[in-house]
Amino acid sequence: MVEYEAAVVDLSAIKTGYAADLVMGGKVRKKVIIPKQVIKRIHEDAERGDFVGVEELKKLRKVAEQVEVKIEVAERGDTRADPDIAALEVARDYGAALATSSEIQARMADALGIGKLYGKAISRKELLLEAYFAEDIMSVHLKEGIPPRVKRG
Numbered sequence: 001m002v003e004y005e006a007a008v009v010d011l012s013a014i015k016t017g018y019a020a021d022l023v024m025g026g027k028v029r030k031k032v033i034i035p036k037q038v039i040k041r042i043h044e045d046a047e048r049g050d051f052v053g054v055e056e057l058k059k060l061r062k063v064a065e066q067v068e069v070k071i072e073v074a075e076r077g078d079t080r081a082d083p084d085i086a087a088l089e090v091a092r093d094y095g096a097a098l099a100t101s102s103e104i105q106a107r108m109a110d111a112l113g114i115g116k117l118y119g120k121a122i123s124r125k126e127l128l129l130e131a132y133f134a135e136d137i138m139s140v141h142l143k144e145g146i147p148p149r150v151k152r153g
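Mind the numbering: the sequence shown is residues 1 to 153 in my numbering, read in order.
Put into structure tokens, the structure is as follows:
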């Protein structure tokens, strides 16, 4: 198992829960580095009603506290910069691995000679909608303002 002292996490690693899984699994032992551009994007997403990043960031912090891994926000570069590019630059500058759930980011890390941790979160939560698609369900009827109707058979 490859372990790293420090890893820079990108937006995809946070939002999928992969970053928290890496810390909990001991693959990142001392420090998780989050570029400020990633924090900014999570904040912008939350302002638009998407709180996945905020919730996963809370989960990452809680897991890191449990296993005594430090979380650091990298204050480098312009906050208007693309969070994915910023994550690659911070990983290169810190000499840390890039933790990502994005295939493109993983390929970019390879191309730039940056160590990487690439994968998806281990634990997957079932979507509420998935409960309606069991083997005995023929159809699901969705209409605004009305609870979903299910035809079994």
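Here a beta-carbon is modelled for each residue, glycine too, at the ideal position from N, C-alpha and C.
Member of the options whose CA lies at the smallest distance from the CA of residue i
i      : options                           : result
VAL38  : ALA86, GLU144 and ALA134          : ALA86
GLY17  : LYS116, LYS143, THR100 and ALA96  : THR100
HIS141 : ARG149, GLU135 and ALA81          : ARG149
PRO147 : TYR132, LEU57 and ILE104          : TYR132
ARG80  : ALA64, ARG41, LEU22 and LYS151    : ARG41
LEU57  : ASP78, ASP82 and VAL23            : VAL23
HIS43  : ASP21, ILE14, SER102 and MET108   : ILE14
VAL28  : ASP45, LYS62 and VAL67            : VAL67
TYR82  : LYS151, LYS143, GLU144 and GLN105 : Per the sequence presented here, residue 82 reads as Asp, with Tyr not at that position. For the residues LYS151, LYS143, GLU144 and GLN105, the minimum Cα distance to ASP82 belongs to GLN105.
Nearest-angstrom Cβ-Cβ length linking residue i and residue j, presumed shorter than 8 Å
i     : j     : result
GLU3  : GLY26 : 7 Å
HIS11 : ASP84 : For the sequence presented, residue 11 should be read as Leu rather than His. Right, the Cβ-Cβ distance comes to about 7 Å (below 8 Å), so this counts as a contact.
CB contact flag (residue i, residue j, <8 Å)
i      : j      : result
LYS30  : VAL69  : yes
LEU117 : ALA96  : no
LEU154 : LEU60  : Residue 154 cannot be examined here, being either before or after the span of the chain that is shown, 1 to 153.
MET138 : GLY115 : no
ALA46  : VAL32  : no
ALA121 : ASP21  : yes
Any non-hydrogen atom of the ligand ADP closer than 7 Å to residue i Cβ
i      : result
SER101 : Of ligands this structure carries none, so the ligand ADP is not represented either.
Local conformation of residue i per DSSP, three classes
i      : result
GLU5   : strand
ILE71  : strand
ARG76  : coil
SER139 : strand
ARG107 : helix
ALA96  : coil
LYS116 : strand
ARG48  : coil
LYS27  : coil
Query raised in the report: With a cut-off of 8 Å, do at least 3 Cβ pairs link the stretch 24-43 to the stretch 65-79?
Result: yes
Requested in this report: Check whether the stretch 90-99 touches the stretch 48-68, taking contact to mean three or more Cβ pairs, one atom from each stretch, closer than 8 Å.
Outcome: no
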